[in-house]
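Asker:
In the numbering used here, the protein residues as written are 8 to 351.
#1: Do you know how far the Cα of residue 172 is from the Cα of residue 196?
#2: Going by C-alpha distance, which of 344, 323, 345 is nearest residue 336?
#3: Quick one: grab the DSSP three-state call for residue 148.
#4: Checking 9 Å against the spacing of the C-beta atoms, do residue 117 and residue 148 come in under that value?
#5: Using the beta-carbon count (16 or more within 10 Å), is residue 150 buried or exposed?
#6: Is it the case that the Cβ atoms of residue 86 and residue 112 are separated by a distance below 9 Å?
#7: Pull the bridge partners of residue 33 from the DSSP assignment, please.
#8: Report the residue from 84, 56, 59, 103 whose alpha carbon sits nearest the alpha carbon of residue 78.
#9: Give every residue of the same chain whose Cβ lies closer than 7 Å to the Cβ of residue 159, excluding the five residues on either side of it in the sequence, and list them in chain order.
#10: Using the Cβ count rule (16 or more neighbours within 10 Å means buried), how would you classify residue 222?
#11: Could you check which residue in 198, 258, 115 has the C-alpha nearest to that of residue 239?
#12: Taking 9 Å as the threshold (C-beta atoms), are residue 156 and residue 188 in contact?
#13: Among all the DSSP beta bridges, which residues are the ones paired with residue 111?
#14: For residue 58, name the three-state secondary structure that DSSP assigns.
#15: What's the C-alpha gap between residue 22 and residue 109?
#16: Is the Cβ-Cβ distance between residue 200 and residue 177 less than 9 Å?
#17: By Cβ distance, which residues of its chain are closer than 8 Å to residue 129, with the 5 residues on each side in sequence left out?
#18: Cβ of residue 58 within 9 Å of Cβ of residue 43?
#19: What would DSSP say about residue 133, mapped onto helix, strand or coil?
#20: Could you tell me the boundaries of the beta strand (DSSP E) in which residue 94 lies?
#21: On the criterion of 16 or more Cβ atoms from any shown chain inside 10 Å, does residue 307 qualify as buried, or is it exposed?
#22: Rounded to whole angstroms, what's the CA-CA distance from residue 321 to residue 49? Just pull it up for me.
#23: Go through the segment 291–342 residue by residue and report every complete run of the alpha helix (DSSP H) that reaches 4 residues or more, in order.
#24: Rounded C-beta distance between residue 93 and residue 131? I'm assuming under 8 Å.
Structure below.
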């Protein structure tokens, strides 16, 4: 029986633990920062705070102790918000071993360093000192609303790693008849696709909040994919990854699905609400795209890539630009050839 530690008991971390727990072949420990989450799971077998109405298997043991969660773990799944990843891994480091397999299921980019999550994890664990080591690591991403995964709706995602044996192990250990895992060696493309689509999803929500039609949303998704692809390729990702589950698949889901937190933020912006008010009403839930917008603009400038939709969303979210002005400026840009997909 494999021992798996899931670090982060938000909606997505809880859904992953449900998938792993229902197989019956894993001992799963789910680490939660919030004491009330552990109490809810231990006493009622549900995560009342982040994923209510979805029973959690008895094989999933909740804990507030990182040491207890990690003791004896074969696989460590990282599912905390991106802005907490470095801090949590620093706290985890004394309890980690080189033989562990690491899976990052967080979709984001670190704001200051512009590092992807697997890079953040590697940087923390590969630093000097007697406990430093180069981790075996992969990234899990794809179109996967936590509520639908927990309910058991058929879902397909991908795990990306340069370590083929790791990817195949995660594929085998995570897959079941309702949760299909593909493998991929393009870590850059998979991680950037998963992070950047959240920005486009906020923009899609804005269009919905403004009561704009399907033509507008289709144009946004298509051109959003083009600029995500440009940046991913400039950073070393592969173009074909962007047409896969972690690219187009996740982008379509978050831009059109009502369960998307990022899209929901955009909807409220389109209806005229202020960002601070929207975030305050999310009750601890995280819309990764809000923070990722800062990092994406920085990464695009570093790579010399133009990302007009991302730049306008950055102006709306961080500089108070009106959504009407952002749409006007996007539509007023100089005409260009669509065939130049990976050029500005």
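By construction, the Cβ of each residue, glycine as well, lies at the ideal position given by its N, Cα and C atoms.
Answerer: Put simply:
#1: 19 Å
#2: 323
#3: strand
#4: no
#5: buried
#6: yes
#7: 9
#8: 103
#9: 185
#10: exposed
#11: 198
#12: no
#13: 85, 146
#14: strand
#15: 18 Å
#16: no
#17: 141, 142, 144
#18: no
#19: coil
#20: Taken as a continuous stretch (DSSP letters only), residue 94 belongs to no beta strand (DSSP E), being part of the alpha helix (DSSP H) at 92–99.
#21: buried
#22: 41 Å
#23: 295–310, 315–326, 330–338
#24: 6 Å
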